[in-house]
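Chemist: Residue numbers (our numbering): 912 to 1172.
Virtual Cβ for every residue (Gly too), placed ideally from N, Cα, C.
None of these values were measured; they are calculated from a predicted model.
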Ligand SMILES: Nc1ncnc2c1ncn2[C@@H]1O[C@H](COP(=O)(O)OP(=O)(O)OP(=O)(O)O)[C@@H](O)[C@H]1O
Ligand SMILES: [Mg+2]
C-alpha cells in the first residue's frame, strides 16, 4: 500500500537551458506535499517533466513509481500507471465535448479493466460512465450543462480548473500533481474544489503534489510537508508553518540564505 513516487536527483533542461538542478522528492500514497516558490523557479517544469512532455529534457536522474521507472514510459503509459497532472494552463479543445473527452480519457486510462459494450467495443459502458460523471460533478458542484460544452472552450479561469479536477476525479489516479489549481478560483470554488480533492485523497489514498503560491488553499488541503523551490532546487522543507512564514516574509530571506551557501 505504501507505493512511493520517487524523484531522484533530477536534472532537466529546456532547449539546453538547465531548469531543474537536482530535485529529490519522495511522495508516498496518501501523503500531500506542497511546493511553493517564486515565479520561474521550475515548479511547472517539474509537473511537465513528470507528465513526460517531450520539450523537457531529462539530463540525469530518475522518476520511479514503486519499482516502475516512469522515464521508460510515454505520457499515456504514465497515466495508465496512475499518474495525473492538472496543468497550470489547461488547453481548450474546441469541438470536443467535456463528456466525450472524459469518456475517451477514462477508456484510455482504464479501458482494459472496462466491460465490452453491445457493439463489441471495449471500455466503460455509457450508463456507468454517465453515472460516474454525474456523481463526480455533484461532488465538485459542477453544473450539469458543463458535460455538453466543448472542453475549456470559453470556460472561465475557475471553470477550467474545476474541469481539471473533474477529470482527476474520473481517472482516480494513484498520484496527482496539481499545478496552481487554486489560482483563479473564487473563495466558494476554492472550498468546493478543496473538499473534492480531500474526498478523492481519502477515497483513493491518493498521493498529492500541490503547487501553489498561496497559503489559503493549505487551510483546506493540509499538507504533510511543504517544500520551497528556488532556482530549480528544493532549498527548504518543513511543515505547514513554513508556508505561513513564506506568506508573511516572502522569499527574500530564503533566497539570500540559499545564495550565500
Ligand atoms: N517551454 C519552455 N520554453 C522555454 N523556456 C521555458 C519553457 N518552460 C519553462 N521555461 C523556463 O523555465 C523556467 C522555469 O519555468 P516554470 O514554468 O517551471 O516556473 P514556475 O516555477 O512554474 O513559475 P510560476 O510560479 O510563474 O508558474 C523559466 O525561466 C521559464 O521561462
Ligand atoms: Mg508554474
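So, helix, strand or coil for residue 1144, using DSSP?
Modeler: Residue 1144 falls in the strand class under three-state DSSP.
Chemist: Excluding the 5 residues flanking residue 1153 on each side, which residues of the same chain have their C-beta closer than 6 Å to its C-beta?
Modeler: These residues qualify, in order along the chain: 1137.
Chemist: Hey, how far is the Cα of residue 1135 from the Cα of residue 1020?
Modeler: Rounded to the nearest angstrom, the two C-alpha atoms are 28 Å apart.
Chemist: For a test of your reading of the model: does the CB of residue 1091 fall under 7 Å from any non-hydrogen atom of ligand 2? Yes or no.
Modeler: Residue 1091: yes, Cβ under 7 Å from ligand 2.
Chemist: With respect to the beta strand (DSSP E) encompassing residue 967, which residues constitute its N-terminal and C-terminal limits?
Modeler: Per DSSP, residue 967 belongs to the beta strand (DSSP E) from 967–976.
Chemist: Beta-carbon separation of residue 1122 and residue 954 under 8 Å?
Modeler: Yes, they are a contact pair.
Chemist: Straight-line CA distance for residue 913 to residue 930?
Modeler: Answer to the nearest angstrom: the Cα atoms are 30 Å apart.
Chemist: Considering only the beta carbon of each residue, do residue 985 and residue 1143 sit closer than 8 Å?
Modeler: Not a contact, by the Cβ cut-off of 8 Å.
Chemist: May I ask which residues mark the beginning and end of the alpha helix (DSSP H) holding residue 1122?
Modeler: No alpha helix (DSSP H) contains residue 1122, which is instead part of the beta strand (DSSP E) from 1118–1122.
Chemist: Compare the Cα-Cα distances from residue 1049 to each of 921, 938, 1107 and 1116 and report the closest residue.
Modeler: It is 1107 whose Cα lies nearest to the Cα of residue 1049.
Chemist: Rounded to whole angstroms, what is the Cα-Cα separation between residue 1102 and residue 1093?
Modeler: Computed Cα separation, rounded: 10 Å.
Chemist: Any heavy atom of ligand 2 closer than 7 Å to the beta-carbon of residue 954?
Modeler: Yes - ligand 2 has a heavy atom lying nearer than 7 Å to the Cβ of residue 954.
Chemist: Tell me whether residue 980 sits in a helix, a strand or coil according to DSSP, three-state version.
Modeler: Here residue 980 sits in strand by DSSP.
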